[in-house]
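Numbering (our numbering), first residue to last: 213 to 656.
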């Protein structure tokens with residue numbers, strides 16, 4: 213084969229031209245690629261990152277707030293600290309004249325009230341700025357009916373224990389707790405003293421005081437206490453065990469499972485052992501609502517149900533742990549379920565009568581609680597714990613998929629707590645689940 217040297221030369225020239233063109237095109241395809249500049253930044257002012265509030269100037273902000281630094285040569289900033297807490301910089305939000313950043317969520321250990329901007333030469337530029345530390349956020353109590361002498365934990369955030377103003381906690385009866393067996397910025401653990409007063413718990417730090425939304429010994433919206441206060445208990449097809457024993461928290465409780473009844477890995481249907489049913493009504497015609505069959509809506513106001521939660525205390529012994537079956541918490545209106553015959557009630561409403569078909573519907577939203585899912589097995593460690601189920605989480609169908617229906621304020625006249633199915637496979641178990649003080653309370 214004979215090669216023409218002129219043709220080869222022309223080919224090489226063309227190839228170089230193409231490669232050069234590709235290289236130039238590649239550069240031109242990224243005209244806005246971030247490049248760290250030299251020098252140091254100058255900050256003129258700080259404003260909210262929201263363009264709708266760009267005319268507002270900031271000299272302080274809360275943790276996690278998004279702010280915008282306005283100045284010159286902002287692309288020279290390689291690192292940024294608020295006090296002693298490092299911020300995360302996103303180069304997509306940095307231009308020559310603006311830098312958008314989120315104030316670090318962690319509370320500073322050393323407060324200087326300054327922003328530190330460090331360039332690639334490790335030169336530091338400072339700017340005065342105050343990070344506001346919020347008052348404590350009080351989220352939950354490990355057991356809202358904690359008995360005297362038990363260890364209890366309050367969870368939340370911004371529990372700042374300043375040496376000059378130590379963190380403290382005030383019970384509803386006015387007792388102040390300052391001695392904690394364990395304390396952090398998110399949890400306070402202490403031994404519960406005697407307290408017979410119902411009400412919120414207040415946590416106080418150097419930055420302020422906050423009352424809990426939850427109540428200690430809460431009786432608001434109490435539906436079932438199993439000791440006669442509301443007078444309600446079993447009112448369906450099954451007589452679940454209601455008893456007291458050495459583990460009792462406040463007297464009697466309802467128990468799911470007996471220690472020998474098996475919950476299969478798939479959570480097969482066993483309402484004879486694992487279902488507590490309360491259906492309002494009677495066998496009278498028309499259906500009426502006697503003291504042991506009253507509407508749950510007569511005990512709690514569900515008009516703001518989106519901001520409410522179902523709460524109860526629960527005890528699962530270590531020798532009979534729970535490792536399968538979702539606890540389906542199902543509330544429904546008279547059009548779905550009532551005690552007695554189908555027909556009409558004394559108020560002229562249509563009532564569905566006793567049935568279990570509504571339980572198996574994916575159109576009726578319910579909550580599904582599976583505390584065993586993360587670790588594979590669950591017990592409460594020899595103590596009672598408070599379970600909180602926001603009604604906003606009533607969004608699943610019987611099989612665990614998203615429900616096709618919606619709830620309304622009239623859908624809370626009945627309650628079923630049934631450990632069955634739910635769409636997640638577990639392992640065979642013989643659980644005992646004790647439940648007390650079922651209530652519907654404000655959540656937010």
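For each residue, glycine too, the CB sits at the ideal point set by N, CA and C.
Whether residue i touches residue j by CB criterion (8 angstroms)
i           : j           : result
residue 384 : residue 428 : yes
residue 297 : residue 344 : no
residue 292 : residue 328 : yes
residue 649 : residue 525 : yes
residue 338 : residue 326 : yes
residue 481 : residue 641 : no
residue 528 : residue 592 : yes
residue 639 : residue 536 : yes
residue 425 : residue 655 : yes
residue 401 : residue 392 : yes
residue 294 : residue 316 : yes
residue 643 : residue 615 : no
residue 494 : residue 445 : no
residue 367 : residue 399 : yes
residue 532 : residue 594 : no
Cβ-Cβ separation, residue j to residue i (assumed contact under 8 angstroms), whole Å
i           : j           : result
residue 544 : residue 554 : Not confirmed; about 14 angstroms, so no contact.
residue 251 : residue 302 : Between residue 302 and residue 251 the Cβ distance is about 21 angstroms, and since that is not below 8 angstroms, they are no contact.
residue 397 : residue 371 : 5 angstroms
residue 350 : residue 413 : 7 angstroms
residue 332 : residue 248 : 6 angstroms
residue 636 : residue 612 : 7 angstroms
residue 380 : residue 365 : Rounded, the Cβ-Cβ distance is 16 angstroms, inconsistent with contact.
residue 598 : residue 523 : 6 angstroms
Rounded straight-line distance, which links the Cα of residue j to that of residue i
i           : j           : result
residue 304 : residue 313 : 11 angstroms
residue 466 : residue 600 : 17 angstroms
residue 633 : residue 468 : 15 angstroms
residue 548 : residue 450 : 18 angstroms
residue 356 : residue 288 : 53 angstroms
residue 474 : residue 584 : 16 angstroms
residue 233 : residue 245 : In this predicted model, residue 233 has a pLDDT of only 48, less than 50, meaning its place in the structure is not dependable enough to derive any value.
residue 500 : residue 561 : 11 angstroms
residue 377 : residue 626 : 48 angstroms
residue 581 : residue 479 : 13 angstroms
residue 263 : residue 280 : 10 angstroms
residue 653 : residue 410 : 14 angstroms
residue 670 : residue 463 : Since the displayed the chain opens at 213 and closes at 656, residue 670 lies outside it and no answer follows.
residue 546 : residue 623 : 8 angstroms
residue 336 : residue 645 : 59 angstroms
residue 416 : residue 596 : 26 angstroms
residue 505 : residue 442 : 11 angstroms
residue 239 : residue 282 : With a pLDDT of 38 at residue 239, under the threshold of 50, the modelled position of this residue cannot be trusted, and the question is left open.
residue 419 : residue 276 : 17 angstroms
residue 571 : residue 629 : 10 angstroms
residue 498 : residue 579 : 32 angstroms
residue 255 : residue 320 : 22 angstroms
residue 573 : residue 566 : 15 angstroms
residue 307 : residue 261 : 13 angstroms
residue 352 : residue 369 : 11 angstroms
residue 477 : residue 590 : 14 angstroms
Cβ-based burial, residue i [other Cβ within 10 Å; buried from 16]
i           : result
residue 447 : buried
residue 440 : exposed
residue 575 : exposed
residue 651 : buried
residue 268 : exposed
residue 502 : exposed
residue 558 : exposed
residue 322 : exposed
residue 375 : exposed
residue 586 : exposed
residue 394 : exposed
residue 485 : buried
residue 569 : exposed
residue 659 : With the chain running from 213 to 656 in the structure shown, residue 659 is simply not present.
residue 278 : exposed
residue 225 : Here the model assigns residue 225 a pLDDT of 43, short of 50, so the residue's position is not dependable, and the following value carries that caveat. It is exposed - the Cβ of residue 225 has fewer than 16 other Cβ atoms within 10 Å.
is_contact[residue i, chain B] using C-beta, thresh 8 angstroms
i           : result
residue 346 : Among the protein chains of the structure shown there is no chain B, as only one such chain exists.
message: I'd like to know if the region 341-360 and the region 406-416 are in contact, where contact means that at least 3 CB-CB pairs between them fall below 8 angstroms.
response: yes
query: When the Cβ atoms of the region 600-615 are set against those of the region 513-529, are three or more pairs found closer than 8 angstroms?
result: yes
- request: Flag this pair as touching only if the region 428-438 and the region 495-513 have three or more C-beta atom pairs under 8 angstroms; answer yes or no.
  value: yes
- prompt: With contact counted as at least three CB pairs below 8 angstroms, one residue from each stretch, are the region 616-624 and the region 532-541 in contact?
  reply: Between the region 616-624 and the region 532-541 there are fewer than three C-beta pairs closer than 8 angstroms, too few to call the two in contact.
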